[in-house]
Amino acid sequence: MARFLQLLERLSPDVYIGEKSSTRVLASALPQHIIQNLDPENNYGIWVQALSLSREGPKSVMLIGRPTNNDLSSDALVGITAASLFVFILVLSGVVFILR
Numbered sequence: 294m295a296r297f298l299q300l301l302e303r304l305s306p307d308v309y310i311g312e313k314s315s316t317r318v319l320a321s322a323l324p325q326h327i328i329q330n331l332d333p334e335n336n337y338g339i340w341v342q343a344l345s346l347s348r349e350g351p352k353s354v355m356l357i358g359r360p361t362n363n364d365l366s367s368d369a370l371v372g373i374t375a376a377s378l379f380v381f382i383l384v385l386s387g388v389v390f391i392l393r
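See the structure below:
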């Protein structure tokens, strides 16, 4: 049995256009699947359908949404590293001050 994912670019509430693509995910795999390379400016619809060798199950209700990017940029990583280093030096200076 496999899960079937369908992506559609949404134009309006009743009209769907754009390139359709599908992905098969084996049922024995993790129940989570990450879809790569989506444009954050577009809305996408996704539905899930169970398939077997003999028949197809019903399609789920289509969920519409916009992809989010949770990756940190290199500038953000540099800022976090610099702030962590500053706090470490500040704490180390406080410990040295207390011990003297």
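Take the sequence shown: its position 28, counted from the start at 1, is 321 in the working numbering, and no numbers get skipped. Backbone N, C-alpha and C define an ideal beta-carbon position, used for all residues, glycine too. In this text the structure is predicted, and so the values were computed from the model without any measurement.
- In the DSSP assignment, I382 forms no beta bridge with any residue.
- V354 carries a coil assignment under DSSP once its states are collapsed to helix, strand and coil.
- In the three-state reduction of the DSSP assignment, I373 falls in the helix class, which pools H, G and I.
- Residue range Y337 to L344 is occupied by the beta strand (DSSP E) that includes L344.
- N336 is a Cβ neighbour of I357, given a cutoff of 7 Å.
- Rounded to whole angstroms, F379 and A369 show a C-alpha spacing of 15 Å.
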